[in-house]
Amino acid sequence: MYAALWRILPGPVWVRILIVIVLVAVVLVVLVEWVFPWAADTLLPQDSTVGG
Amino acid sequence: MHDSEPAETPEPAPAADTAAAPTRSAARRRSAAATRLSVTGVLGEILVTAGVVVMLFLGWYMWLNDITAGAEQQQAAEEVQQELQEQWERGESTAERPVDPGEPVISAAPAEEGEVFGTLIVPRFGPDWVRSIASGVDVKTVLNSYTVGVGHYTQTQMPGEMGNFALAGHRRTYGAAFGDIDKLRLGDRIYVETVDGWYEYVFRGLEYVWPTGVEVLEPVPAAPGVAPTDRVLTMTSCNPRFSTAERIIAYAVYETWYPRADGPPDEISGVVQARG
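In order, the protein sequences belong to chains A and B. Under the numbering used here, the residue at position 2 of the first sequence is numbered 2, and the numbers go up by one with no gaps. Under the numbering used here, the residue at position 121 of the second sequence is numbered 1121, and the numbers go up by one with no gaps.
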């Protein structure tokens, strides 16, 4: 899968590496900004109150 | 480096362009065949990716999010402190003057849940530790909030009021406002700041209850139906860390109060005035 993605990327090796870095950064931002907060609220509810 | 195609091996490679060209294309064909998408290959890569994402999530949840949320809550609380000072200077005190000048004034409870009405200052939690206190203990809008972190049980009393001023905060994750609640020691000062001034409470002790232990919120904690004769501060959080199985309760008793006109108490004057 990743090998196929690598072959799809255009340009010389250093351009591909640059593209990969940008793609990974985008994925990380999406995870931290949206996916992780959603998962934390949904899967691991934290309640520090009594009686709640 | 095993070459399976016999046609290439015996050739001594006389010229670069005649012999090398077919070798390279054959190699490309071989590598394409080796990396052709297969169900197990893709599945394996997806699973490895999922594993990495779960690791990243745990790192974010246990560590990174705590640091970023804590820093943001600290900054938001410092802005609230400034705001309270400005409110007071505009004469927007919400309290009624007590008859006895030694009695603390009681700020009016905020009208809406989620509204920030003061700050909590606990020197034991850090030399400049401060968090905003919002009305209500809603998990999403108050306790998990990147700008609040500490919530006031609206059914309990206000700071300085006879009875129980009860707060909730996370033990872990989302800034972990009460992460060090078990580090409190007898005699530690806990300050609550409102537009009217600072209320000083003295830490008395810890208690552990089940999540259903609402009696800690009574005007006299753990004694329902008894008329209060003391002003108590109650803090509730999770216990043990990383778990929600029990609740850890910290009790503090009112000591005195400092009208805003007289300035903050000595112990926290550095924390407060540095931002004024």
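Where is the CB? At the ideal position from N, CA and C, for every residue including glycine.
Cα-Cα separation between residue i and residue j, rounded to whole angstroms
{"i": "V1048 (chain B)", "j": "S1145 (chain B)", "result": "33 Å"}
{"i": "A1223 (chain B)", "j": "Y1208 (chain B)", "result": "16 Å"}
{"i": "R1171 (chain B)", "j": "F1178 (chain B)", "result": "5 Å"}
{"i": "Y2 (chain A)", "j": "V1054 (chain B)", "result": "19 Å"}
{"i": "G11 (chain A)", "j": "V24 (chain A)", "result": "18 Å"}
{"i": "V30 (chain A)", "j": "E1115 (chain B)", "result": "30 Å"}
{"i": "V50 (chain A)", "j": "R1260 (chain B)", "result": "32 Å"}
{"i": "P1127 (chain B)", "j": "W1210 (chain B)", "result": "32 Å"}
{"i": "E1045 (chain B)", "j": "L1037 (chain B)", "result": "11 Å"}
Minimum Cβ-Cβ distance from residue i to chain A less than 8 Å
{"i": "A1223 (chain B)", "result": "no"}
{"i": "T1040 (chain B)", "result": "no"}
{"i": "P1012 (chain B)", "result": "Here the model assigns P1012 (chain B) a pLDDT of 48, short of 50, so the residue's position is not dependable, and the following value carries that caveat. No, P1012 (chain B) does not count as interfacial toward chain A."}
{"i": "L1037 (chain B)", "result": "yes"}
{"i": "H1170 (chain B)", "result": "yes"}
{"i": "V1216 (chain B)", "result": "yes"}
{"i": "T1244 (chain B)", "result": "yes"}
{"i": "V1139 (chain B)", "result": "yes"}
{"i": "V1148 (chain B)", "result": "no"}
{"i": "L1143 (chain B)", "result": "yes"}
{"i": "A1021 (chain B)", "result": "Its pLDDT being 49, under 50, A1021 (chain B) is placed unreliably in this model, and the coordinates cannot settle the point."}
{"i": "V1122 (chain B)", "result": "no"}
{"i": "V1053 (chain B)", "result": "yes"}
{"i": "R1241 (chain B)", "result": "no"}
{"i": "R1189 (chain B)", "result": "no"}
{"i": "R1231 (chain B)", "result": "no"}
{"i": "R1247 (chain B)", "result": "yes"}
Proximal residues of chain B, C-beta to C-beta of residue i below 7 Å
{"i": "L9 (chain A)", "result": "Correct list: empty, because the minimum Cβ distance to chain B is about 14 Å."}
{"i": "V32 (chain A)", "result": "W1060"}
Residues bridged to residue i [DSSP beta-bridge criterion]
{"i": "L1233 (chain B)", "result": "B:F1165 and B:A1252"}
{"i": "V1130 (chain B)", "result": "B:I1121"}
{"i": "L80 (chain A)", "result": "Within the shown structure, residues of chain A are numbered from 1 to 52, placing residue 80 (chain A) beyond reach of any answer."}
{"i": "T1194 (chain B)", "result": "B:G1197"}
{"i": "V1150 (chain B)", "result": "B:I1133 and B:G1169"}
{"i": "R1189 (chain B)", "result": "B:V1202"}
{"i": "W1257 (chain B)", "result": "B:Y1199"}
Same chain, Cβ closer than 7 Å to residue i, five either side skipped, listed in chain order
{"i": "E1303 (chain B)", "result": "Outside the displayed span of chain B (1001 to 1276) sits residue 1303 (chain B), for which this structure offers no information."}
{"i": "A1069 (chain B)", "result": "Y1146, Y1174 and G1175"}
{"i": "V1142 (chain B)", "result": "G1114, A1134, G1136, V1148 and G1151"}
{"i": "V1214 (chain B)", "result": "none"}
Residue-level contact to chain B via CB, residue i, 8 Å cutoff
{"i": "T42 (chain A)", "result": "no"}
{"i": "V29 (chain A)", "result": "no"}
Neighbour list for residue i in chain A, Cβ cutoff strictly below 7 Å
{"i": "E1045 (chain B)", "result": "M1 and Y2"}
{"i": "F1057 (chain B)", "result": "F36 and A39"}
Chain-ordered chain A contacts of residue i [CB-CB under 9 Å]
{"i": "T1173 (chain B)", "result": "A40, L44 and Q46"}
{"i": "P1211 (chain B)", "result": "D47, T49, V50, G51 and G52"}
Residue i Cβ short of 7 Å to the ligand NAP heavy atom set
{"i": "E1083 (chain B)", "result": "Absence of the ligand NAP is noted for the structure shown, with no ligands found whatsoever."}
Cut-off 6 Å between Cβ atoms - residues of its own chain near residue i, not counting five sequence neighbours on either side
{"i": "V1150 (chain B)", "result": "L1120, R1131, I1133, L1167, G1169 and A1177"}
{"i": "R1090 (chain B)", "result": "none"}
{"i": "Q1087 (chain B)", "result": "V1195"}
{"i": "W1129 (chain B)", "result": "V1122"}
{"i": "D1180 (chain B)", "result": "F1125"}
8 Å Cβ cut-off: residues of chain A touching residue i
{"i": "S1237 (chain B)", "result": "S48"}
Own chain residues within Cβ distance below 8 Å of residue i, not counting five before or after
{"i": "K1183 (chain B)", "result": "R1124 and F1125"}
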